[in-house]
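Protein chains: 2
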Amino acid sequence: MILQSPSVERLLEAFRMLPGVGRRTAERMTLHMLSAPEDVAMQLSEALRDARQRIRKCSVCCNLTEIDPCPICTSESRDKSIVCVVEQPVGVMAIEKGGEYRGQYHVLLGVLNPLDGVGPDDLSVGRLRERIASGEIREVIVATNATAEGEATALYLARVLAQPDVKVSRIAHGVPMGGGLEYADEVTLGHAMQGRTPLS
Amino acid sequence: MILQSPSVERLLEAFRMLPGVGRRTAERMTLHMLSAPEDVAMQLSEALRDARQRIRKCSVCCNLTEIDPCPICTSESRDKSIVCVVEQPVGVMAIEKGGEYRGQYHVLLGVLNPLDGVGPDDLSVGRLRERIASGEIREVIVATNATAEGEATALYLARVLAQPDVKVSRIAHGVPMGGGLEYADEVTLGHAMQGRTPLS
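Order-wise, the sequence lines are chains P and A. Heads up: the first sequence begins at -17 in the working numbering, then just goes up one per residue. Heads up: the second sequence begins at -17 in the working numbering, then just goes up one per residue.
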């Protein structure tokens, strides 16, 4: 960066912490923010501080929320006997966009990852077990990502959550809707074959 | 956005003002900033406010700077008789990266654009004329972009800056170094032909 100023360097480094932003993009963002009218930069600065101070984790499901417990946990129109377990708040957003699921959620805030030292105690598994112990939940749908860590976490949850009156299920993995077979990779196709359902 | 919170919506809209950031990227950035430890968001918020308050326009060349006049304008080792005119501070950065140019700069803060109502008075042309009137400058190199507006601005500058003892020149346009002829478009090739220089 040619502007030899510690404050500009600090801004550049701060932009680089955003997902998908490398050195060049951070440079463009920094120059844009410094060239644009002052209130543009101030707006982002204040929006960030304000949102970060208002948004917290729901004490029930660990999703991000402004009101605790979150609107999904307190909603009267949602099925309280089903809980869908996701890795991150973005998972809740993805499923809610579909608009079909009407149950509750539980955000793990990560996945088991022994190599990075992430164990069950670093996730919100304990809180999920408490929710199940309270007796209202009949089914847990594990919707962790289809990665090695996500699969391992799903298997772990199936083991620790198993109870006679609680069903633990896993979302289906297979060929995406609208996708041709030729675009699916072999692992996905293998899963699609194994998970076949009867048509008649 | 599923988090129905005005503060989150405001943050999302603020991220969208960054260059190259659409709705989806802004969503990712927002969720990242809300999920990451609180000091990550605060760091960006404060770096923005701090940089925006410290950085101003150099009163001589209009480049962004923390110290006014900027280090390039006050440098003893740079040639004060040559000034290179660019559209934006990013132009100064691009030329400085090359490291060959040792003259001064002048940032126009835009280009002439009658359709958007940008005339000479909206640019720093007046300040450039004052600098030339002060008598030290012998050559003005116009390095506005090779767009229709950039070319028009270059022609305008050539006309208004013309003085017997001041040379106004334009940077060369042609085939980029390392680029094959087959990758250059026809307009660039036309410029390259017209701007040919004798080899012997």
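Every residue, glycine too, gets a C-beta built ideally from N, C-alpha and C.
Close partners of P:Pro158 in chain A (Cβ separation under 7 Å) are lacking, with about 18 Å as the shortest Cβ gap. The C-alpha of P:Thr56 is placed about 32 Å away from the C-alpha of A:Gly4. For A:Pro71, the residues of chain P that pass the 8 Å Cβ criterion are Leu(-15), Leu13, Leu16, Ser17, in the order they occur in the chain. In the three-state reduction of the DSSP assignment, P:Lys149 falls in the strand class.
Straight-line spacing of the CA atoms in P:Ser41 and P:Arg109 works out to 9 Å. For A:Tyr87, the uninterrupted beta strand (DSSP E) run begins and ends at 86 to 89, by DSSP. If you compare the alpha carbons of P:Tyr138, P:Val150, P:Val93 with that of P:Thr129, the shortest gap goes to P:Val93. The Cβ atoms of P:Arg36 and A:Ser(-11) lie closer than 8 Å to each other. Residue contact check for P:Pro146 against chain A: no CB pair falls below 8 Å.
Among the residues of chain P, none has a CB under 7 Å from the CB of A:Ile123; the nearest is roughly 18 Å distant. Listed as beta-bridge partners of P:Leu46 by DSSP are P:Lys39.
Under the Cβ criterion of 8 Å, A:Thr7 is counted among the residues facing chain P. For P:Ile64, there is no enclosing alpha helix (DSSP H); the residue is part of the beta strand (DSSP E) that begins and ends at 64 to 68. Taking 8 Å as the CB threshold, A:Val68 stays off the interface with chain P. Beta-carbon to beta-carbon, P:Val74 and P:Asn45 are separated by about 5 Å, close enough to satisfy the 8 Å threshold. Between the segment -6 to 1 of chain A and the segment 17 to 26 of chain P, the count of C-beta pairs closer than 8 Å reaches three or more; the two stretches touch. When rounded, the separation of the alpha-carbon atoms in A:Ile153 and A:Val67 is 10 Å. Under the DSSP assignment, P:Val122 falls in the beta strand (DSSP E) whose first and last residues are 121 to 124. When only Cα atoms are considered, P:Asn127 and A:Leu16 end up about 20 Å apart.
In the structure shown, A:Val3 falls within a coil segment according to DSSP collapsed to helix, strand and coil. In this structure, A:Gln70 and A:Val89 form a Cβ contact; the two beta carbons are roughly 6 Å apart against a cut-off of 8 Å. Contact with chain P is found for A:Arg34, since one of that chain's Cβ atoms lies less than 8 Å from the residue's Cβ.
In this structure, DSSP gives P:Val(-10) a helical state, which the three-state scheme calls helix.
The beta carbons of P:Gln86 and P:Cys43 sit closer together than 8 Å. If only complete runs of 3 or more residues are kept, the segment 126 to 181 of chain A shows the beta strand (DSSP E) at 149 to 152, in order along the chain. Per DSSP, the unbroken alpha helix (DSSP H) holding A:Pro53 starts and ends at 53 to 56. Taking a Cβ-Cβ cut-off of 7 Å, the neighbours of A:Val(-10) in chain P comprise Ala33, Ile37, given in sequence order. Rounded to the nearest angstrom, the Cβ distance from P:Gly156 to P:Gly177 is 6 Å, consistent with a contact under 8 Å. Secondary-structure assignment with DSSP links A:Val100 through a beta bridge to A:Asn95. In the structure shown, P:Glu82 adopts coil according to DSSP, grouped into three states.
Here P:Thr179 is exposed: its Cβ has fewer than 16 other Cβ atoms, across all protein chains shown, within 10 Å.
Judged by DSSP in its simplified three-state form, P:Asp61 adopts coil rather than helix or strand.
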